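Residue numbers (this note's numbering), protein chains in the order written: chain A, 61 to 369; chain B, 61 to 369. All C-beta atoms in this analysis are idealised placements derived from N, C-alpha and C, irrespective of residue type, glycine included. In this text, all values refer to a predicted model and were calculated from it rather than measured experimentally. Notes follow the structure.
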């Protein structure tokens, strides 16, 4: 293995842009794929306003097309999962046979789909716990948190996997290895109730928890996710985890999850990987999630009326 | 029994006002309780603009307080069920021991509650199939339909019950006797999905049925109501009734049910008798309605944010 890993970031937004910028500041060679703000970033680089201290990268390796990008050791995917199909075209120029692709995205079933398109490629899940946004060209605002957990999906080169973790840590990012499926489903315990319910009821986390009726509903939805995970053989999750998520959310500032922001900006919502897929995986082993299925259907209706044409 | 029945209407709105006015035009003595438009109706009477022909009643027996009203043979209750508790005070002045109280209201559990307050009083359910509204003082607009079904809850005087039916028919109202519990639950098959979903998704019946996701959800909610009815021993309802309700609604003009109108006018919604009670009755016999329970909770949240203080 080479001494120093090279990186590509697909989707230089609030998440991919943040982690890529931190690795770039560390001195790693990071190649950024940009879209709307490609010209701006070529001219001005990237700027990170962060609760951990601001920094700028006046010059970054910026690209408008992955066909101009070199092969790298690690690809960090920060795309919205509504664009997952674009990976068919975006990934191949970046890959040599042992390139590790890390999907820093929300949902269930992402790795399985990407693996089916690239059967021999090493894949990992990146589970980011971070509040950040990118609302101006080349400018990432990191409000709080910032850790990332990596779950190994199909990477047999453990040294490579550990080197990526080490790079994150050296860059000042809290990073841990976690069990893949358990970690994805744990995140779903929070994501599935709160992302959809803040959209369906046009509200934020705090209001949902302060009304007794929706507080109970959120808890029941969390228990549906935990039941599904158990049915799929993930035994580490039980009622205490739902209680922990309720308490954590009680202690958070009023929060609009990413799906609520997508709705507010009239972008398509990530319904497929956040709802449709986990519901289907649970159903395939005979477990029903009626409340989250209902929420999925409400969201499909809302999405059909909301998305900008 | 007397030759001619006397009537009182509690809640002279779109529904109670319409049926009371038709009986009054027939020549029956009808005493109307009014609230906001009492003064107007004293001065100008009631006016009915109807698809079956307009008519006016320049002079009606109008009251602002049931304590000034006489005892009658039949009370027609057209109150919003959010005000059901007011019957404690409103009814007693109107009742002799055999007065039949007809609850022309939506929901499940209304008769049981009123019976618990007035244990020996004969009660019936009035199931109105009518589109009407009252948006100006003393003026009822009857757009279409207009039939009423009466379900006997606790009236042992069958001659009285039949006389009321006969009065409705003579007044030009299609009226039939129906099996009480079956009729209430049949109406719930339509009411529970459409009332709440048009509020939760801020839409109308046609849009819910043209989106495949919500069409499926509405159907599943109807099947929850039918399952609950079956669990409660009402065997006359099966899947074919849900199919019939879907087809009927496909053929209707785009429609906002009464709960949607209550929401739009920021009035409290009839959540208790339309959702909480039927859900509790089904749960008491071990039948769960998860989708309608979730809808109930969404509505409780929406109601808590919507009602005018």
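For residue 222(B), the three-state DSSP class (helix, strand or coil): Here DSSP, grouped into helix, strand and coil, assigns residue 222(B) to helix.
Could you name the residues of the segment 335 to 354 of chain A whose beta carbon sits closer than 9 Å to any beta carbon of chain B, in the order they occur along the chain? If the cut-off is 9 Å between Cβ atoms, the segment 335 to 354 of chain A has 348, 350, 351, 353 and 354 near chain B.
Interface residues of chain B around residue 276(A) at Cβ under 7 Å? What residue 276(A) touches in chain B: 357.
Residues in the segment 253 to 265 of chain A with C-beta within 8 Å of chain B's C-beta atoms, listed in sequence order? Per Cβ criterion, the list reads 260, 261 and 263.
Classify residue 295(B): buried if its beta carbon has 16 or more other beta carbons within 10 angstroms, exposed otherwise. Taking all protein chains shown into account, residue 295(B) has fewer than 16 neighbouring C-beta atoms within 10 Å of its C-beta and is therefore exposed.
Does any CB atom of chain A fall closer than 8 Å to the CB of residue 316(B)? No, no contact with chain A.
Near residue 367(B), what residues of its chain come up, given a Cβ to Cβ distance below 7 Å and the 5 sequence neighbours on each side ignored? Around residue 367(B), the same chain offers 326 and 328 as residues with beta carbons nearer than 7 Å, after the five sequence neighbours per side are excluded.
Among the residues of its own chain, which have a CB less than 7 Å from the CB of residue 358(B), if the five just before and after it don't count? Counting only Cβ-Cβ distances below 7 Å, and skipping sequence neighbours, we find 260.
Listing by chain order, which chain A residues have their CB less than 8 Å from the CB of residue 362(B)? In chain order: 261.
Contact set between residue 18(B) and chain A, taken where Cβ atoms lie within less than 9 Å: Any answer about residue 18(B) is impossible in this case: the structure gives chain B only from 61 up to 369.
What does residue 91(B) pair with, by DSSP beta-bridge criteria? Paired residues: 68(B) and 121(B).
Just to confirm the assignment: which complete beta strand (DSSP E) runs, minimum length 3, are found wholly within the segment 155 to 196 of chain B? Whole beta strand (DSSP E) segments, 3+ residues: 155 to 163 and 183 to 196.
Let me check one thing: in DSSP terms, what residues is residue 145(A) bridge-paired to? DSSP, once it has assigned bridges, lists no residue as partnering residue 145(A).
Taking just the CA atoms, how far does residue 252(B) sit from residue 92(A)? Taking the straight line from one Cα to the other gives about 52 Å.
For residue 127(A), which of helix, strand or coil comes out of DSSP? Residue state, collapsed to three classes: helix.
Take every Cβ of the segment 90 to 107 of chain B, pair it with every Cβ of the segment 181 to 191 of chain B, and state whether three or more of those distances are shorter than 8 Å. They do not touch, by the three-pair rule.
On the three-state DSSP scale, how would you describe residue 233(A)? Of the three classes helix, strand and coil, the one that applies to residue 233(A) here is coil, per DSSP.
Examine the Cβ distances between the segment 153 to 167 of chain B and the segment 207 to 224 of chain B and report whether three or more of them are shorter than 8 Å. The segment 153 to 167 of chain B vs the segment 207 to 224 of chain B: in contact.
Which term fits residue 219(B), buried or exposed, when burial requires 16 or more other beta carbons within 10 angstroms of its beta carbon? Exposed.
Inter-residue Cα distance where the pair is residue 349(A) and residue 317(A): Rounded to the nearest angstrom, the two C-alpha atoms are 21 Å apart.
With a threshold of 16 other CB atoms inside 10 Å of the CB of residue 335(A), please say whether the residue is buried or exposed. Of the residues assessed, residue 335(A) falls on the buried side of the cut-off, its CB having 16 or more other CB atoms within 10 angstroms.
Nearest by alpha-carbon distance to residue 149(A): which of 127(A), 121(A) and 256(A) is it? Restricting attention to 127(A), 121(A) and 256(A), the CA atom closest to the CA of residue 149(A) is found in 127(A).
Beta-carbon separation (whole angstroms), residue 203(B) vs residue 111(B), contact threshold 8 Å: So it is a contact: roughly 6 Å between Cβ atoms.
Could you check what DSSP says for residue 138(A) in three-state terms: helix, strand or coil? Look at residue 138(A) here: in three-state DSSP terms it is coil, with no helix or strand label.
Decide yes or no for the touch test of the segment 134 to 143 of chain A against the segment 330 to 345 of chain A: beta carbon pairs closer than 8 Å, at least 3 of them. These segments touch.
I need the DSSP call for residue 111(A), collapsed to helix, strand or coil. Taken through DSSP and simplified to helix, strand or coil, residue 111(A) comes out as coil.
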